Structure formats: structure tokens, C-alpha cells
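Counting from 21, one number per residue, gives the positions in the sequence shown under my numbering. Comments concern the structure below.
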Amino acid sequence: MKVFGILVLCGLSLCAQSLERARALWRAHDYDGANNEFRALVKANPKNAAYRVEWGRLFFERFNPAEAANLYNEALGIDPRNAQAYLGLAEVYADEFSAKADQAAEKALEIDPQLYHAHEILARIALEDDDTKKAASEADAALAIEPAALDAIAVHASIDLLKDKASDWVARIGNRGKGFETIAHFFVINRRYDEGIEYYRKAIAATPDLWSAHSQLGVNLMRLGNQEEATKELQLAYDNHFRDAATANYLTLIDSEKNYDTFTSPTSVLRLNKKEADALKPYFEAEIARAMATYEKKYGFQMDKAVQVEAYPNHGDLLVRTLGLPDEAGILGVTFNNVISMDSPSGRPPGSFHWASTLWHEMSHVYVLTMTNERVPRWFTEGLAVHEETATSPDWGDRLSPEIITALRDKKLLPISKIDRGFVHPTYPGQVIVSYYQAGKICDYIAQRWGSSKLVDMIHAFAKNERTVDVIREQLKLEPDAFDKDFLAEIDRQTGSTVKNFADWTKKIKEVNELAKAGKTDEVIDQGRAAEAMYPDYVETGDAYSLIAEACLKKSDRKCALDQLGRYSKEGGRDAATVKKYAKLLEEDGRLKEAEAALERLNFIYPLDPDLHDRLGNLYLKTGGANLAVREFSVLNALHPIDTAGSHYNLAKAYAAAGQKNKAREEAINALEAAPDFKPAQTLLLEVSGESEK
Ligand SMILES: [Zn+2]
21 MKVFGILVLC GLSLCAQSLE RARALWRAHD YDGANNEFRA LVKANPKNAA YRVEWGRLFF
81 ERFNPAEAAN LYNEALGIDP RNAQAYLGLA EVYADEFSAK ADQAAEKALE IDPQLYHAHE
141 ILARIALEDD DTKKAASEAD AALAIEPAAL DAIAVHASID LLKDKASDWV ARIGNRGKGF
201 ETIAHFFVIN RRYDEGIEYY RKAIAATPDL WSAHSQLGVN LMRLGNQEEA TKELQLAYDN
261 HFRDAATANY LTLIDSEKNY DTFTSPTSVL RLNKKEADAL KPYFEAEIAR AMATYEKKYG
321 FQMDKAVQVE AYPNHGDLLV RTLGLPDEAG ILGVTFNNVI SMDSPSGRPP GSFHWASTLW
381 HEMSHVYVLT MTNERVPRWF TEGLAVHEET ATSPDWGDRL SPEIITALRD KKLLPISKID
441 RGFVHPTYPG QVIVSYYQAG KICDYIAQRW GSSKLVDMIH AFAKNERTVD VIREQLKLEP
501 DAFDKDFLAE IDRQTGSTVK NFADWTKKIK EVNELAKAGK TDEVIDQGRA AEAMYPDYVE
561 TGDAYSLIAE ACLKKSDRKC ALDQLGRYSK EGGRDAATVK KYAKLLEEDG RLKEAEAALE
621 RLNFIYPLDP DLHDRLGNLY LKTGGANLAV REFSVLNALH PIDTAGSHYN LAKAYAAAGQ
681 KNKAREEAIN ALEAAPDFKP AQTLLLEVSG ESEK
């Protein structure tokens with residue numbers, strides 16, 4: 021049929037010529053030229069599906085999967101039984117870790133059972149889900165049709181290698197670099213970056229002009245902090261026309277590294293953007309040290325290499341780090357072996373991001389990945405990291421969100437034997453977030469029922485490359501099904517009432533917000549309390565705690581306001597204005613230590629707020645925390661506040677209180693340089709100068 025179409029519409033020789041020309045240009049790396057030929061060909065033959073499919077392949081190869089998918093879909097519009105178009109779609113979806121890939125591949129096979137590439141794609145997806153049985157059987161199906169099917173051979177080899185077994189399949193790859201590249205891919209998505217790098221090198225040794233492998237080698241070297249060789253490989257790929265998003269963006273990222281300062285200690289390397297380094301450094305350094313000391317004790321393990329932490333003010337730079345990895349929706353940080361890349365507090369709207377939680381989360385990955393030599397299922401390392409966020413401080417970490425409540429209501433949690441799929445190939449929007457929540461709760465539950473040390477036992481079991489179901493049986497003495505049953509009962513105990521009340525709460529909280537707008541204080545307090553009881557975790561915009569506190573203050577009921585704002589903070593509320601209001605009330609009541617604690621929470625959320633450091637520094641001066649006051653006023657100065665003289669003077673006072681006379685004198689002089697007639701600074705200068713002469 022298709023051949024007749026060609027004959028009728030453009031005459032065999034003419035069309036064949038254009039097609040040959042398009043292919044020749046493609047081979048010669050003249051992609052624009054090839055694209056133009058295909059465009060003309062398709063225009064002259066609007067009813068030809070095959071041309072569109074081949075044009076789609078050009079787009080797919082040239083890093084434009086969206087346009088490729090359009091062309092495949094157009095081809096299917098012309099010829100609904102075009103197996104090659106379905107195969108093309110399966111490739112596009114598989115690359116994006118979309119759950120639609122399976123379906124497209126199945127459809128291709130239904131139309132053309134000999135299409136062994138479709139079996140290879142199914143094998144690949146199954147192995148990404150850690151379903152080795154299905155992966156092996158799909159690979160076998162491909163090999164039954166084509167005994168030399170490279171991806172099928174590579175999938176078999178990967179199954180063995182991921183289990184740390186020697187594999188006869190590796191020899192069957194021969195000198196076909198792409199086979200080694202596939203093995204490398206599986207190591208990388210299992211977070212085994214060192215072995216991934218080893219196999220990309222093998223791919224290049226076998227096929228030196230396999231530019232995709234050069235690029236991925238560069239990407240993964242960069243992930244582990246080997247910038248020099250990474251740059252060389254990425255540039256090489258780029259210069260040879262391999263210019264996918266990862267290659268181009270990584271090269272840009274490397275170029276921007278010059279904007280970073282590096283601070284090293286014997287155990288850590290901290291990289292911060294020059295424009296905010298002085299303000300962030302004290303908090304980051306303290307938390308890195310505290311997290312490492314905590315995990316060292318908790319996990320009974322000491323890192324033998326430095327942990328590197330890099331914080332990006334531009335969220336896009338963090339996203340570049342995760343290109344080509346499974347869905348990282350809402351990502352805040354990512355860990356590659358001992359290298360952590362995360363958003364800087366400046367990379368997110370103030371109040372929306374708890375950077376210390378993210379740091380402790382990623383830091384837990386560093387330990388677990390190192391302790392298991394990267395042999396740990398995704399759900400467990402994520403679950404433990406989420407567990408650690410709230411184990412550190414109960415008000416850290418994420419609250420039960422409406423998205424998660426909906427998933428709980430619709431019974432969407434996965435059995436523990438399949439939970440990894442929720443991370444790699446999500447089947448509904450938000451499933452990745454729900455999977456994080458579930459994995460975190462599983463670890464909470466294990467710690468609560470079997471003790472925290474059981475989680476450490478599980479780390480050691482996973483280090484032996486044991487599978488989830490075996491670890492559950494062995495460590496918890498439960499069948500996975502029985503574990504699921506007990507776990508779901510516990511989740512229901514914790515969240516059942518919130519889930520049940522969610523629809524009513526949605527109406528109620530809207531009502532409370534309207535009452536607040538109308539100034540009806542008594543009703544706000546009444547109805548607000550009902551809303552709180554229905555969904556206590558809700559501390560986002562328009563939350564009941566803040567509205568009630570506001571109403572209480574209008575009625576001059578300080579005790580009621582303090583109680584509400586205290587609960588807001590305890591539940592993890594992060595809005596700076598609300599927390600500052602709470603601290604101010606406490607301070608006015610002479611509860612200085614509590615006021616300090618309230619404000620200290622904000623340093624873990626948005627430490628780039630000059631007003632916060634001013635308030636906190638003054639509190640520390642009152643409570644005798646001179647060294648902490650020095651920290652707060654130093655950071656305040658680093659943020660270049662409007663009142664230059666005042667902030668230098670405050671720092672001078674803090675230094676004087678801490679007994680650092682020389683520093684105090686220096687800062688008093690700085691204050692006077694900004695405002696020569698500033699009396700308090702003159703007095704202080706005399707004081708510290710006088711005393712130092714004694
Ligand atoms: Zn994580």
C-alpha cells in the first residue's frame with residue numbers, strides 16, 4: 021500500500037532520490053539539510069506514514085523527542101497499524117521513564133510480532149523497575165527472533181552484573197560499544213556511578229566514536245566531582261554534534277563554577293555561590309558537621325572520604341544534575357556517591373523550602389550509599405532519608421499534603437515488593453511524591469516497632485545485595501504481604517481521621533478564611549479550631565493556626581495567640597512573618613529563650629533575611645549568647661543591610677561581649693566610618709580601646 025502511494029504521488033525515482041538525499045545528509049551530520057529534505061518529502065506525500073516515521077527518527081536522534089512523538093502520532097493518524105510508529109513512541113516514552121512506554125511497545129508487537137526491538141524496550145523498562153524475571157523473558161523473546169539483538173544481550177549481562185555475578189553475556193557484546201553503554205545505563209540508574217563510568221569507558225574503547233557514551237561519561241564524572249576529565253569528554257561529544265540537553269547544559273554549568281567559593285575541612289568540601297557564601301557558610305558548616313556526627317554514631321560508620329556539598333541559587337542548575345535520571349519531580353537535592361548538589365535557600369521562595377531538612381536527607385544518602393557500596397533499593401535509601409528529616413527535629417520534613425491525602429483516600433500506596441516502581445515509572449501525577457511519603461513512613465514504622473537499630477541492620481542486609489522481599493522476611497520475620505497489612509493499619513491509625521475529614525475540611529477552611537476577612541473573630545476561633553482538629557498538619561497559606569492567633573490578638577487574648585502560634589511552629593509552619601510574630605510575643609513576655617528557639621527555626625528555612633539576624637542577634641546579646649550574637653551580626657553584615665553603621669555597631673557589641681576586643685574595635689571603627697557622629701559607637705570604641713590598654 022505504502023509503495024503504491026509513493027508511485028501515485030511522486031513517482032518512484034523522484035521520491036527515492038529525495039529519501040536517499042535525506043539519509044545521506046543525515047549521515048553527513050547535515051541535520052538541517054536532512055530535515056529540509058524530509059519536510060519536502062512529507063509535503064509531497066501527505067499520506068505517507070513511513071516518511072513521517074523516518075523523519076521522526078531524525079528528530080529523536082537529534083534530541084527533540086516532542087517533535088519525534090508528534091510525527092509518530094501523525095503517522096498513526098494516517099496508518100493506525102504502523103508498528104514502526106508505535107516502536108518510535110515506545111522509545112520516546114522509555115527515554116522519559118514514562119509509564120506509557122510499555123503500552124506502545126506492546127502495541128507494536130501486536131501489529132508486528134517480529135519486531136524484536138519492542139521486546140528489547142520492554143526488557144529495558146522491566147529491568148529499570150528491578151523486575152529481573154520479566155526483563156530476562158523479554159530479552160529472550162527478542163533473542164529468539166534475532167540472536168544478535170544487542171540490547172537484549174546487554175540486558176541479560178546487566179541482570180547478572182547488578183547481582184555482582186560474572187556474566188557470559190558480556191562476551192557476546194563483542195566490540196559493539198552500545199551494548200556496554202546499556203550496561204552503564206543500568207549501573208547509573210541504580211546509583212552505582214563508579215561502575216557506570218567503568219562501562220562507559222568500555223563502550224568508548226569498543227566504539228571510539230560513540231559520542232553518546234562520551235557525553236554520559238562526562239556527565240557521570242562531573243557528578244562525582246571529576247571536573248577536568250568531565251569537561252574534556254563533554255566537549256568532545258559536543259564538538260562531534262552530540263548536543264543533547266545534558267551535554268550542552270553541563271558545559272554551561274561547568275563554566276559557571278567559577279562563581280563559587282570552596283571551603284574545605286578534613287571531612288567536607290562546601291561550595292557556595294560567591295554572592296551568598298559569607299551569609300550561608302556558618303549555617304551550612306554547622307549542619308554538615310552535626311549531621312555527620314549524628315549519622316556516624318547512629319549508623320556506626322565513619323566516612324573515609326570528604327563529603328562535598330554544593331548549593332545552587334539557580335534551581336535550573338540543580339535540574340541539570342538530574343538530566344537523564346528517573347523523574348525527580350519537586351527535586352530539592354540530589355546525591356551522587358559522596359557529592360551532594362542542592363538548592364540554595366535563595367533558589368526557592370522564602371518559607372517554601374527547609375534547606376537543613378534537605379541537607380540531612382541527602383547526607384543520609386551519602387552514608388547509606390557508601391555503606392552499601394550503592395547496593396540499596398531506591399525506596400529504602402529514600403525512605404530512610406525522609407525518616408531522618410523528622411527524626412532530627414519533628415518540625416522538619418514535609419507535612420501530610422493534600423496530594424498525599426488524596427492518594428491515601430484512593431488507596432494508592434504500593435505493596436512493599438513493588439514500591440520502587442512508584443519512583444522510577446510513576447503511573448499517575450504525584451506518585452513520586454507519594455512514594456517518598458510512603459517509603460519514609462515505612463522506615464518510621466520499622467523504627468517504631470523494631471527499633472532504630474533495625475534500620476541499620478537493614479542497611480547491612482542490602483549491602484549484601486539482597487532483595488527487598490528477602491530483607492523483609494529475614495530482618496522483620498514477616499512475609500511482605502503481612503508487613504503491608506500491618507503497615508497500612510498503622511497509616512490508617514495515623515491519618516484515617518484526616519483522610520475521612522478531608523472533604524469537610526476543604527469547605528471548613530474556606531469558611532474560616534472568609535470569616536477572618538469579615539473580621540468575625542469569635543467565629544474564626546470557633547470554626548478554626550474545628551478545622552485544626554480535622555487536619556492538624558495543615559500549616560500552609562490560609563492555615564487555621566495563624567487565623568485564630570490573629571483573632572485572639574484582636575481580642576487582646578495573648579495567651580490564646582501564643583498557644584496557637586506555638587502549635588503552628590510545632591507542626592512545622594514556615595512562614596517567617598508568623599514565626600517572627602510568635603517570637604515577638606514571647607520576648608515581650610520575657611520568655612527570651614523560647615523566643616530564640618522560635619527564631620532559630622527560621623535559620624534552617626531562609627537564612628538570607630537581614631531582619632531575622634538583627635532580631636536573633638539582639639536576643640542572644642540579652643541571654644548571654646555572645647558567640648551566637650557574633651555569628652548573627654556577622655551574617656547580617658554579609659547581607660549588606662541598609663543600616664550599615666548600626667549593624668557594624670551591633671557586631672562590635674557582640675565581639676565585646678565575647679571578649680574579642682580587637683575585633684570589637686575594628687567593627688566600632690567600621691561603624692564610625694559609615695556614620696562618624698554615631699555616639700554609641702564612639703563610646704564603645706573608647707571602652708574597648710581603654711580596656712585593652714590595661
Ligand atoms: Zn533522596
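Ideal Cβ positions, reconstructed from N, Cα and C, are used throughout, including at glycine. All values reported here derive from a predicted model rather than from experimental measurement.
Short CB-CB distance (under 8 Å) between residue i and chain C
i    : result
Q514 : As a matter of chain content, chain C is missing from the structure shown, which is built from one protein chain.
Residue range of the unbroken alpha helix (DSSP H) whose run includes residue i
i    : result
N357 : Element bounds for N357: n/a, residue is neither H nor E.
G238 : W231 to R243
Q322 : Element bounds for Q322: n/a, residue is neither H nor E.
N102 : Here N102 belongs to no alpha helix (DSSP H), and DSSP marks it neither H nor E.
Y588 : R578 to K590
E607 : A596 to E608
A119 : Note, A119: premise wrong, no alpha helix (DSSP H); not H, not E.
W75  : A69 to E81
A168 : Looking at the DSSP string, A168 is not in any alpha helix (DSSP H), and its letter there is neither H nor E.
A225 : Y213 to A226
T664 : T664 to A677
P414 : Counting along the chain, P414 falls outside any alpha helix (DSSP H), and DSSP gives it neither H nor E.
Contact set for residue i: own chain, Cβ-Cβ below 8 Å, skip 5 residues either direction
i    : result
I173 : A159, L163, W189, R192, I193 and G199
L27  : Confidence at L27 is low in this model, with a pLDDT of 41, below 50, so the placement of that residue should be treated as unreliable; the coordinate-derived value is given next. The answer is none, since no qualifying residue turns up.
E296 : P333, S364, S366 and L628
L323 : It is worth fixing the name first, because residue 323 is Met in this sequence and not Leu. The residues are T287, M312, E316, N358, V386, Y387 and T390.
E687 : H668, Y669, L671, A672 and Y675
A694 : T664, A665 and H668
Per DSSP, cross-strand counterpart(s) of residue i
i    : result
E330 : R291 and S361
Y280 : N293
Residues near residue i by beta carbon distance below 7 Å, same chain, minus five either side
i    : result
H385 : T355, T401 and A405
P72  : One detail in the question is off: residue 72 reads as Arg in this sequence, not Pro. Cβ neighbours of R72 beyond the five flanking positions: V62, L91, E94 and A95.
V359 : R243, L244, G245 and Q328
V532 : V544, Q547, G548, A551, A564 and L567
I203 : A174, A177, S178, L181 and Y219
K183 : N485
F206 : L147, S178 and L182
A169 : Y136, E140, A162 and L163
E713 : Here the model assigns E713 a pLDDT of 43, short of 50, so the residue's position is not dependable, and the following value carries that caveat. Same-chain partners within the cutoff: there are none.
D634 : L656
L612 : L639, K642 and T643
A233 : G197, E201, Y220, A223 and I224
E614 : L606
G637 : A649, E652, F653, L656, N670 and A674
CB-CB length for residue i against residue j, believed under 8 Å
i    : j    : result
V476 : Y319 : 6 Å
L379 : V329 : 7 Å
G460 : V452 : Contact doesn't hold; Cβ gap of about 13 Å is too wide.
F653 : L671 : 4 Å
V489 : F482 : That belief does not hold up - the Cβ atoms of V489 and F482 are roughly 12 Å apart, past 8 Å.
K154 : A161 : Actually they are not in contact, since the Cβ atoms of K154 and A161 sit about 10 Å apart, beyond 8 Å.
R212 : E394 : 4 Å
K301 : F283 : 6 Å
S377 : G417 : 6 Å
H445 : D149 : 6 Å
Close-in-space but distant-in-sequence residues of the same chain around residue i (CB under 6 Å, 5 per side omitted)
i    : result
A569 : A581, Q584 and L585
D697 : none
L706 : none
L39  : none
V23  : Note on V23: pLDDT 39, under 50, position unreliable in the model; the coordinate value appears next. Hits under 6 Å: none found.
Q236 : Y220
A658 : D298 and A299
Y555 : T518 and W525
G562 : N533
G25  : Caution is warranted here: a pLDDT of 39 is assigned to G25, below 50, making its placement in the model unreliable, and the coordinate value is therefore given only provisionally. Counting only Cβ-Cβ distances below 6 Å, and skipping sequence neighbours, we find K67 and N68.
M21  : Caution applies to M21, whose pLDDT of 37 falls short of 50 and renders its modelled position unreliable; the model cannot decide the point.
Proximity test, residue i beta-carbon vs ligand 2 heavy atom, cut-off 7 Å
i    : result
K185 : Questions concerning ligand 2 fall outside what the structure shown contains, since the ligands it does hold are ligand 1.
Q | Environment of ligand 1 in chain order, Cβ to heavy atom below 5 Å | A | E402 and A405
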